[in-house]
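Below is one structure, written out as structure tokens; comments come after it.
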Amino acid sequence: SPAGGFWVVLEDVSELRRLQRIRSEFIDNLSHELRTPLTNVRLLTETLSREIEAVAVPDGVRDRVAKIDVETGHLVQMVTELLDLSRIEAGGSQLYLDVVDLGEVVRASSDRLRLFAERQGVRLEAQVPEGLPVVRGDGERLGQVLINLVHNAVKFSAAGQAVVVRASAGEGEIVVSVADRGPGVSRADQARILERFFKVDRARVRGQGGTGLGLAIARHIVEGHGGRIWVESEEGEGSTFSFAIPIADVA
Ligand code: ADP
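If you want this note's numbering, it's the position in the sequence shown, counting the first as 1, plus 30.
What follows is the structure in structure tokens.
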């Protein structure tokens, strides 16, 4: 009977919900458990690389320590993205609105990732004009967007390349962009890249792991601010990821 059919559909949905809940609890627990040991490994690696700077060690050793440091940085970023996702899924992704100087957010997140970039031979440049208007937003979340974009830009850059982060005033909005000279994103992938779990064919982007979540999280945050996010890219030439946040009218 049609009623029976309907009943079966409902059953399916509740089973699906149950599985989704189990999955997100699992991700949440796992990422919490991973965070502490990872943070310790990262601190130990940082200490180690400072210590070997002061003594004579073979170059190979120094390089390997730098690589461990960089890989640990990727792991920390992935775990952070998983935690962000489970927070967003749990509905705890409210924005705490305040007056935010995006120029300051650009400087702060560039400073945070500069050492990480240098370890990969990538120069990280922040270009922020004086007296940029403020926006209304959640400074911490907007910082997270920048960390995700800059982390990607550095990850996809080769040694010797530069990543440039800019903030500028557009019409009624502040535009922030992160430009790299990496492999770029094909036109077909550009349309999908901001979707969750989307990763470009690994074969073309050699061994660059990730969760495929960073951009989806960035988009969620930017759109939550009434802003927009987009990518411009030419394959083989690099990518520019930008987002715009409306300017606050503070009297
Ligand atoms: P991931 O954790 O896999 O980097 P993201 O959501 O941050 O997840 O990015 C999704 C995909 O978009 C990446 O796997 C990569 O293929 C592509 N991508 C992101 N940023 C860049 C970039 N700066 N240059 C080239 N490809 C990029």
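By construction, the Cβ of each residue, glycine as well, lies at the ideal position given by its N, Cα and C atoms. The model shown is predicted, which means the values in this text are computed figures rather than measured ones.
Straight-line Cα distance separating residue j from residue i
i: Gly193; j: Ser44; result: Inspection of the sequence shows that residue 193 is occupied by Val rather than by Gly. Cα to Cα, the separation comes out at about 46 Å.
i: Arg47; j: Asp128; result: 35 Å
i: Glu55; j: Ser263; result: 36 Å
i: Gly169; j: Leu49; result: 34 Å
i: Val106; j: Val164; result: 30 Å
i: Arg236; j: Asn70; result: Low local confidence applies: a pLDDT of 48 at Arg236 is under 50, so the model's placement there is unreliable, and no value is given.
i: Glu160; j: Ile177; result: 22 Å
i: Gly256; j: Arg144; result: 29 Å
i: Ala189; j: Arg211; result: 11 Å
i: Arg234; j: Thr270; result: Low confidence applies to Arg234: its pLDDT is 48, below 50, so where it sits in the model is not reliable enough to give any reading.
i: Val261; j: Ala156; result: 19 Å
i: Val208; j: Val136; result: 10 Å
i: Glu83; j: Gly90; result: 13 Å
i: Leu179; j: Ala248; result: 8 Å
i: Gly133; j: Ile204; result: 9 Å
i: Ala246; j: Ile275; result: 17 Å
i: Asn59; j: Arg72; result: 20 Å
i: Thr75; j: Ala218; result: 39 Å
i: Gly200; j: Ile251; result: 20 Å
i: Glu63; j: Asp279; result: 43 Å
i: Phe228; j: Arg92; result: 35 Å
i: Thr66; j: Lys185; result: 23 Å
i: Val283; j: His181; result: In this structure the chain extends from 31 to 281, so residue 283 is not present and cannot be described.
i: Ser187; j: Ala221; result: 21 Å
beta-carbon residue i near the ligand ADP non-hydrogen atom, thresh 8 Å
i: Lys185; result: yes
i: Glu111; result: yes
i: Gly212; result: yes
i: Ala246; result: yes
i: Gly283; result: Residue numbering for the chain in the displayed model covers 31 to 281; residue 283 lies beyond these limits and cannot be assessed.
i: Val215; result: yes
i: Asn70; result: no
i: Ile223; result: yes
i: Ser61; result: no
i: Phe228; result: yes
i: Ser263; result: yes
i: Asp219; result: yes
i: Ser207; result: no
i: Phe146; result: no
i: Phe273; result: no
i: Ser269; result: yes
Delimiting residues of the alpha helix (DSSP H) encompassing residue i
i: Gly268; result: No alpha helix (DSSP H) holds Gly268; the beta strand (DSSP E) holding it covers 268–276.
i: Arg149; result: That residue, Arg149, is in no alpha helix (DSSP H); it is neither H nor E in DSSP.
i: Gly173; result: 169–185
i: Val158; result: Element bounds for Val158: n/a, residue is neither H nor E.
i: Val252; result: 244–254
i: Gln220; result: 217–220
Beta-carbon separation (whole angstroms), residue i vs residue j, contact threshold 8 Å
i: Leu125; j: Gly167; result: 7 Å
i: Glu111; j: Gly244; result: 5 Å
i: Arg230; j: Val215; result: Looking at the sequence shown, residue 230 is not Arg but Val. Sure, about 7 Å apart at Cβ, within 8 Å.
i: Ile57; j: Ser116; result: 5 Å
i: Val100; j: Arg149; result: 5 Å
i: Ala197; j: Val152; result: 20 Å between Cβ atoms; not a contact.
i: Met108; j: Gly240; result: 6 Å
Check: residue i C-beta below 8 Å from any heavy atom of the ligand NAD
i: Ile118; result: Among the ligands present in this structure, namely the ligand ADP, the ligand NAD is not found.
Enclosing beta strand (DSSP E) for residue i [first to last residue]
i: Arg258; result: 258–264
i: Glu203; result: 203–210
i: Val130; result: 128–130
i: Arg196; result: 192–199
Within-9 Å CB hit, residue i to chain D
i: Val206; result: The chain inventory of the structure shown lacks chain D, comprising one protein chain alone.
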